[in-house]
Amino acid sequence: MNKPTLCVDFDGVVHSYNTPWTNPETISDGPVPGALRWLWKATEWFQVVIYSSRSKTEGGIDAMHNWLRSESIKEFGEGHPMSTMSMDRTSYPLTFANEKPAAFLTIDDRAITFDGDWSALNPTELLHFKPWNKR
51 MNKPTLCVDF DGVVHSYNTP WTNPETISDG PVPGALRWLW KATEWFQVVI YSSRSKTEGG
111 IDAMHNWLRS ESIKEFGEGH PMSTMSMDRT SYPLTFANEK PAAFLTIDDR AITFDGDWSA
171 LNPTELLHFK PWNKR
């Protein structure tokens with residue numbers, strides 16, 4: 051069965067992202083509460099693809115994979131599929147994109163749903179946008 055693709059942003063959605071950005075390989079904070087269990091449940095219905103500005107480098111993707119594995123060990127224990135490590139990531143239940151994939155749906159903390167009405171989007175008001183964890 052082909053599952054629809056669910057693109058999930060990493061920083062501010064999965065990773066709590068409270069500490070300022072250092073580099074793609076440094077992930078300083080823990081997960082957003084409930085994120086790991088939700089992602090695991092979502093794999094029943096979707097091909098879950100993790101994407102971030104970190105995705106531009108192989109080191110950034112490796113860092114996200116290692117972080118997810120490490121945090122999943124804390125959340126689920128050693129034997130859980132999200133706690134496993136595969137050097138080529140093929141057996142991992144989540145996939146990682148090098149660029150934003152075509153998706154059925156995207157979950158991101160820095161996005162606005164476009165409803166077809168450009169007049170409802172005031173560019174100067176967009177300058178005041180704040181993600182959920184900065185409000």
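Be aware that the sequence shown starts at 51, since it is given in this note's numbering, and climbs by one per residue.
Don't be surprised by glycine CBs; every beta carbon is placed ideally from N, CA and C.
Keep in mind that this is a model prediction, so the values were computed, not measured.
Residue i classed as buried or exposed, judged by whether at least 16 other C-beta atoms fall within 10 angstroms
{"i": "residue 74", "result": "buried"}
{"i": "residue 100", "result": "buried"}
{"i": "residue 85", "result": "buried"}
{"i": "residue 122", "result": "buried"}
{"i": "residue 110", "result": "buried"}
{"i": "residue 161", "result": "exposed"}
{"i": "residue 185", "result": "exposed"}
{"i": "residue 155", "result": "exposed"}
{"i": "residue 89", "result": "buried"}
Paired residues, beta bridge with residue i - DSSP
{"i": "residue 58", "result": "100, 157"}
{"i": "residue 65", "result": "61, 81"}
Residue i in three-state terms, based on DSSP
{"i": "residue 145", "result": "strand"}
{"i": "residue 81", "result": "strand"}
{"i": "residue 175", "result": "helix"}
{"i": "residue 87", "result": "helix"}
{"i": "residue 152", "result": "coil"}
{"i": "residue 71", "result": "coil"}
{"i": "residue 53", "result": "coil"}
{"i": "residue 180", "result": "coil"}
{"i": "residue 135", "result": "coil"}
Task: Secondary structure, beta strand (DSSP E): runs of 3+ residues fully inside the stretch 93-129 - done: 97-101
Task: contact_flag[the stretch 168-183, the stretch 119-137] where n(CB pairs < 8 angstroms) is 3 or more - done: no
Open item on the list: Any contact between the stretch 118-134 and the stretch 165-174? By contact I mean 3 or more CB pairs, one from each, below 8 angstroms.
Closed with: no
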